[in-house]
Structure formats: structure tokens, C-alpha cells
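Shown next, in C-alpha cells, is the structure this report addresses.
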Amino acid sequence: MISSLTAEKLACTRGDRRLFDGLSFRVSAGQALAVEGANGAGKTSLLRMIAGFLAPAAGRLVLKSAQAEITDAEERGKSVGWLGHHDGLKPQLTVREQLDFFARLYGRAPDASALERVGLARQAELPCRYLSAGQRRRLALARLLVSERPLWLLDEPFAALDTAGQGLIAQLMARHCGHGGIIIAATHDPLGLGNESLKL
Amino acid sequence: MSSFGTLLLRDLRLAARSGGGAALALSFFALVATLVPLGVGADLKLLARVAGGVLWVAAVLSALLSLDRLFQGDFEDGSLEVIALSPLALEMVALAKILAHWLSTGLPLTLLSPLLALLFNLDVAPTLTLFLSLLIGTPAVSAVGAIGASLTLSLKRGGLILPLIILPLLAPVVIFGAGAVALVLDGMSGGGALGLLAAFAFGAVLLSPFAAAASVRLNLGG
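Protein chains in written order, with this note's numbering: chain E, 3 to 202; chain S, 30 to 251.
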């Protein structure tokens, strides 16, 4: 289990534009951090940096666990549960096939209860192309649950969700933090977790 | 099942369900192989002489039809990010995708080739050589294609640039593959050409996952 994620004087450059500079923060186990800012401020870039997709122009990220201090981006990625702009779902696969694929890919046993937790148990045998945008988001959330990763990086987690869906994700996030996980979410909406926020 | 097997199985399932993979490649291969004898005419000796080259070029072009989607679909719908964060190394991800492409495209093309060889009046020995050359060489097409597919990943209409990148790299495959058939037609052994083809294919399958993974990493960062 990880104990904290620390960013030290991070800088991000896209093309010839510097999005942010000297960015430092620390998020401990059980905490959530909402990353706020205008469109193009670098919220998604920060999440991609933490996931290890994007290298910082300056500064470093340190993931601490009881055993080690991880600075390598690829190693850090192995702790990340990712919910990006796109849901990462294939229209040709059924809801169950999709979830089983991700569970096995992440070395976990398929867990049908994850579908019940996101309210998609009745759609288990339905191809993903028949799901609404909100249902697709719920399935992406179920994927997060089965990945069992301690560090959740969420890009606009409430996008496309109805009120019930938003309540569900708030509940899942609270539960994740309650179990000692860390959440960093780029969002325009409040997370409702009594969390810290970071303005870009 | 391992993460590698899981990804391989999913890609094979997607290829079977999306309808644009093996069926399209096989249809294109069969159509080209049918049209060439109609265009060349009834000169049976000439047909047999050009068979190796024509069928090899047709096989490469057929395989190209689905190569641009090797990483593109996963990149566009966000799956690639989730796959990249899995315990499976990106090099193994690339290898699984190469293997899935070969199983869904290269292998069916190879299995169809003896039937199409009949249209070119090929005897048993050159037909067998053609079959063996495709069996050995088509994995190289998928492997080299994976490099091109990963390089054009974030480009709009990258599928149009892909052939320009990989066709020159596939020249040795066509030369050795068609050359083996020509040698057998001349009464010589095609073993040497098949050996060179195998060496090229081995090198391509061994090295391309590293090149493709490096390119995918760059595109994910972009």
C-alpha cells in the first residue's frame, strides 16, 4: 500500500507553451485532491504526468510506500487506476467480457460483483455499443474497482453521469479513500469528500 | 490465463467481430489473385512464372488493410492507456498485437494460397514452396507493420502514410518469398531463399515489439 504521492516543483511544457511551473503538492493515503482550472490549464497533462505517460519538463514525483520510494514513472504507473476522457471500452464486447478482460489483464480474478456495485448487473450480457454514455462511464468505474489500484487518477469523473451516477461515484471515491487509497481528480465539480484542491 | 493470453484473446475476438479484418483481407487477396490471370491471359507458363511475385504482393497489400488499426482503435477509445498501465510490459503488448494480427490475417492468407495457386497453374512443388514462404514470411509483415502502425498512431489519416513507411521495409520479404517460388520453378532448391526469409522474419518479430513499444510510449505522452 502506498503512503503518499509528492510532487516537487513540477513543470509542464506542451509545444512551446508552459502550462505550469514550480507545482508542488502532497497527497497522503486516504486523501483526495481535486485539480481545478480553466480549460487548457494543464489538468489532464498533470494526470498524464502522474500516470507516467508524460515526462515533466522539470521537477519530480515521488510515490512512497512503507517499503520503498518510487520515482520511476513506469513503476509508478503500476499503482495507477486510470479513468481518462475516453472510457476505454470496445463496442463489440459485452459488458461482462469487457470487465473480465481488464480484470485478467491486471492479474485479478473476474469479479461480477463490481457490475452490481455500479448498477450494471442487468446489462452484463449487452454489447457495449448499446450502452448510454452514462452507463459506459459506470462500466469504466467498474474497471477501476476490479483493477484494485491504490492511486486513482480521474479525469472529469462526473462527466456524462446523472445525479444517481454522480452519487455513486462519490460513494465509491469515499470508500476508496476510506480503504487508504489516494484520489487525484481533474474536475470542474466539487468531489464532496472534504478534500484539498489545487488550482492550476 | 496470463495477461498476454488475455490481450491476445481479446484482439482475436475483436478481429472476428469487427468484420473488417480477416474477411476483408481474404476477399482482397482472392480478388487480386483472380483478376491477374484474367488480365495476363491464358499463357500458362507466364502465369506460373509471375505467380510467386503476384501472390506475395497481393498478400502484403491484403495484410496492410487491417494493419493501421493495430494500435489505433485502442488509442482512440482510451483502451491503450489502461493497457499501458497494466502489469504487461508494452513490448509484450506489441507482441500480443502482432501475434493476433498474424493469426487473424497472415495465417488465413497462407491457408488460402494453395487454392489461389491453382489459378496460376502452379505445380505441387512451387505451390508448397509458396505456402511455406507465406507461412514463414507473413509474421514479418505483421511485425514490420506494427512499427509503422505505432509510428502513425496519432496522425490523422495515418493509414495512408503507413504503406509508404512499411512497404520499402518489406521488400526483402517479397524478394525472398517470391524468389523461393521462382527457384523451385527453375528446378532448383528454394531452401536458401526460405532460410533468408526465416532469418528476416525472426529478426523482425524479435525486434519490432521494442520499436513499436517505444513509439507507443511517445504517442501516449504526446
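For glycine and all other residues, C-beta sits at the position ideal for the given N, C-alpha and C. Keep in mind that this is a model prediction, so the values were computed, not measured.
| query | result |
| --- | --- |
| Contact residues within the region 102-131 of chain E, judged by C-beta distance below 8 Å to chain S | Phe103, Phe104, Arg106, Leu107, Tyr108, Gly109 |
| Contact belief for Pro159(E) with Leu85(E) at Cβ below 8 Å, rounded distance in angstroms | 6 Å |
| Contact check, Ala92(S) vs Gly34(S), beta carbons under 8 Å | no |
| Secondary structure of Glu150(E), DSSP reduced to three states | coil |
| Residue-chain proximity (Asp74(E), chain S), Cβ-Cβ < 8 Å | no |
| Span separating the alpha-carbon of Ala68(E) from that of Ser162(S) | 55 Å |
| Coil, strand or helix - Val120(E) by DSSP | coil |
| Interface flag, Asp106(S) vs chain E, CB-CB below 8 Å | yes |
| Expected contact under 8 Å - CB spacing of Val210(S) and Ala80(S) to nearest Å | 7 Å |
| Cutoff 8 Å: Arg46(S) Cβ touching any chain E Cβ | yes |
| Beta-carbon contacts of Glu127(E) that lie in its chain and below 6 Å, excluding the five residues immediately before and after | Thr96 |
| Straight-line Cα distance separating Gly54(E) from Lys126(S) | 22 Å |
| Where Ser32(S) falls: helix, strand or coil (DSSP) | helix |
| Cross-chain neighbours of Ile112(S) in chain E, by beta carbon under 8 Å | Leu107 |
| Ser81(E) (DSSP reduced to helix, strand or coil) | coil |
| Contact the region 154-169 of chain S vs the region 187-194 of chain S: 3+ CB pairs below 8 Å | no |
| CA-to-CA distance, Asn197(E) to Ala36(E), given in whole angstroms | 7 Å |
| Alpha-carbon spacing of Leu114(S) relative to Ala243(S), whole angstroms | 15 Å |
| DSSP beta-bridge partners of Lys66(E) | Ser6(E), Glu71(E) |
| Contact under 8 Å by Cβ, Ile184(E) with Ile72(E) | no |
| Under 8 Å from the C-beta of Gln94(E): neighbouring residues of chain S | Arg42, Leu43, Arg46, Ser47 |
| Cβ neighbours of Leu98(S) in the same chain (closer than 6 Å, five flanking residues each side left out) | Leu is not the amino acid found at residue 98(S); the sequence shown has Arg there. Contacts found: none. |
| Contact with chain S by Gly79(E), beta-carbon distance below 8 Å | yes |
| Beta-carbon proximity of Ala222(S) to Phe239(S), cut-off 8 Å | no |
| Beta-carbon proximity of Phe22(E) to Ala13(E), cut-off 8 Å | yes |
| Distance CB(Val82(E))-CB(Arg177(E)) smaller than 8 Å | no |
| Under 7 Å by beta carbon: chain E residues contacting Leu249(S) | Phe55 |
| Leu184(S) in three-state terms, based on DSSP | coil |
| Local conformation of Gly221(S) per DSSP, three classes | helix |
| Continuous alpha helix (DSSP H) stretch holding Ser91(S): start and end | 73-96 |
| Residue burial classification, Ala44(S) (beta-carbon count within 10 angstroms, cutoff 16) | buried |
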